[in-house]
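>
In my numbering, the protein residues as written are 49 to 703.
(1) From 207, 504 and 703, pick the residue whose C-alpha is nearest to that of residue 707; which is it?
(2) Find out if the Cβ-Cβ distance for the pair residue 248, residue 291 is shorter than 8 Å.
(3) On the DSSP bridge list, what partners appear for residue 245?
(4) Report yes if the C-beta distance between residue 418 and residue 497 is below 8 Å; otherwise report no.
(5) Pull the bridge partners of residue 597 from the DSSP assignment, please.
(6) Would DSSP call residue 375 helix, strand or coil?
(7) Can you name, in chain order, every residue of its own chain whose Cβ lies under 6 Å from the Cβ of residue 614, other than the five neighbours on each side?
(8) Counting only runs of 4+ residues fully inside the stretch 589-642, write out the alpha helix (DSSP H) ranges in chain order.
(9) Note the first and the last residue of the continuous alpha helix (DSSP H) segment covering residue 665.
(10) Could you name the residues of the same chain whose beta carbon sits closer than 6 Å to that of residue 229, not counting the 5 residues immediately before and after it, in chain order?
(11) For residue 223, which three-state DSSP category applies?
(12) Output yes if chain C places a C-beta closer than 8 Å to the C-beta of residue 669; else output no.
(13) Look at the Cβ atom of residue 567, then the Cβ atom of residue 679, and state whether they are nearer than 8 Å.
(14) If we require 3 or more residues per run, which beta strand (DSSP E) segments fall completely within the stretch 344-374?
(15) So the candidates are 394, 454 and 499; which of them puts its Cα closest to the Cα of residue 434?
(16) Just grab the DSSP bridge partners of residue 705 for me.
(17) Please list, in chain order, all residues of the same chain as residue 413 whose beta carbon is under 6 Å from its beta carbon, the five residues on each side excluded.
(18) Hey, how far is the Cα of residue 387 from the Cα of residue 349?
(19) Less than 8 Å between the beta carbons of residue 540 and residue 458, yes or no?
(20) Under the three-state reduction of DSSP, which class applies to residue 473: helix, strand or coil?
(21) Taking 8 Å as the cut-off, decide whether the C-beta atoms of residue 629 and residue 577 are in contact.
(22) Please classify residue 586 as buried or exposed, where buried requires at least 16 other C-beta atoms within 10 Å of its C-beta.
(23) Whole beta strand (DSSP E) runs in the stretch 112-146 with 3 or more residues, listed along the chain?
(24) Identify whether residue 280 lies in helix, strand or coil by the three-state DSSP scheme.
(25) With H, G and I counted as helix, E and B as strand and the rest as coil, what does DSSP make of residue 527?
(26) Mapping DSSP to helix, strand and coil, what is residue 297?
(27) Considering only residues of the same chain and omitting the five flanking positions on each side of residue 97, which have a CB-CB separation below 7 Å?
(28) Buried or exposed for residue 380, please, with buried defined as at least 16 other CB atoms from any protein chain shown within 10 angstroms of its CB.
(29) For residue 139, which residues of its own chain have a beta-carbon under 6 Å away from its beta-carbon, when the five flanking residues on both sides are left out?
(30) Going by DSSP, name the residue or residues bridged to residue 454.
(31) Can you pull the DSSP bridge partners for residue 670?
(32) Less than 8 Å separating the beta-carbons of residue 268 and residue 294?
(33) In the DSSP assignment, the beta strand (DSSP E) including residue 184 goes from what residue to what residue?
(34) Report the option in 624, 288 and 306 whose CA atom is closest to the CA atom of residue 261.
(35) Quick one: grab the DSSP three-state call for residue 174.
(36) Near residue 415, which residues of its chain fall below 8 Å by C-beta distance, leaving aside the five closest residues on each side in sequence?
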């Protein structure tokens, strides 16, 4: 071997030996096409003996433009997963029977209505259990395993011969494109001998928007939220009730305003429920409250936790587990009835869809900045989360951008947000900035895996996701600060965050774009009308006119809690006008892409039409893409992908 050749091999071997296996040299960057591989995971359920876990995986089928759900049975110890459903693309809400012998789930029945199915654990075919005429919305096993409670929407009354062609109906607090009278949702009971019977017959039905229902531990009672009328806007006046299963006798509890998702305590002596810690539902954090059934008293807020509690359930020993957004992380706490609590260390994992097993084991769907969704397991609340699946490992292998938290001062608040850096980011370089603003506003950007932020960052942009006032991750003062300050204050919060990025020296302030969906679209229109610093904007399903929200949307009157009440009372119309971005849209000069579903019940498409003609008539560069679809965001994979393709392309062409 010549000296030159020997030297070459020495260098080659040395380079090989000293390569960091975690470095990303040569890896491909993530793009939207790669996200077709993404599997959404949901509904993990530990078996009663703790040996197995049920899990639903959802995968897009672009050829048929639908999502395929698959139910898996996962061995907790080995991670081995077995497919339980092959030809049931809509399978959802898996549960174990209390004795662990039967797996139940929702799927399309023989009449194509959603029904409950049962699959014996020892093997065999799944059997349709319920035969409800309008289908099943949600269900829960009774703790004694003798029956299943479920929710179903009432069938519209039959019309007489003389009225068979009559389509008129009385308008209630529903959205403006409602075409039929609203039908209530009521509670039914399926006994394991096959009998089905209606348990409630309420004119207004049950609130399924913030409600649900729960069995008492002795299987004798069910707690739920009822409402006066079946219309979508009636959820705010829900009543907390429980019913005796055997007799059908109902009891109304005194706590009625803004109540959310009641459950029974482990001993059945209390009802726990969430409700707003203030007079403006959703504009203030939800606290956890208790009602003592033994002495018929409201015991008040359980924990002095200044966070928006989004989940609560019980450990086997009766302690309460609660979860809330906490800064840019997801916080988890365990507490007792004396009000004491401690925080659980999740090691930076963002936990969602939590299920507690019979012996305080926990399973949940988790992610982190560079780790897509997987199933995690905790032996108990003091153990570390352990990843036990690899459904999305292929996406984790791409060259991803670093994800980090950023904090800044704004109007006396300490705000925060999330930065996703370009995968090829180098210190000392500046990069174009894309604001990717969350909706709500009662939501938050967290440091979990965001596939679309990663795909955007792969274009070479800094992606900034700010938590402006109104976000539900920093306590009551910050969340409530959006009341009667819907745009100006949040706008200052966002711009202060951008000033922080400028101080860090990471962004090119001459190449900045802004985008968002829903309230993120609201902020996009507000920011482009008040700050002339943007090269491009994307406004998806934007709230532009609070009058349209109040009068036309499914949540209609809720907006009044943040805007001083009804626009038609107390000379309040000017207040709505002042806080509507459309009022200032004549100042927009930024090229703007508008996206919206035409059958969106939450933010009606009328709001985007107003924005479009405002820009079009003034010769501001704009394009309005409408999707003739229901829902607040496209629900099928083809149109979801199209949204983000257009989003990225519009920004890319102008940055």
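Just so you know, even glycine gets a beta-carbon here, dropped at the ideal spot from N, CA and C.
Predicted model, so just to flag it, every value in this text is computed and none were measured.
So, from the listed chains and residues:
(1) Here the chain comprises residues numbered 49 to 703, so residue 707 is not present and cannot be evaluated.
(2) yes
(3) 237
(4) yes
(5) Paired residues: none, contrary to the question.
(6) coil
(7) 608
(8) 594-600 and 621-626
(9) 654-665
(10) 217
(11) coil
(12) No chain C appears in the structure shown, which is made up of a single protein chain.
(13) no
(14) 345-349, 357-362 and 368-374
(15) 394
(16) The question about residue 705 has no answer, for the chain in this structure spans 49 to 703.
(17) 89, 400, 401 and 421
(18) 9 Å
(19) yes
(20) coil
(21) yes
(22) buried
(23) 114-123, 129-131 and 140-144
(24) helix
(25) helix
(26) coil
(27) 148
(28) buried
(29) 117, 119, 133, 153 and 155
(30) 465
(31) 640
(32) yes
(33) Per DSSP, residue 184 belongs to no beta strand (DSSP E) and is neither H nor E.
(34) 288
(35) coil
(36) 397, 398, 421, 422, 496 and 497
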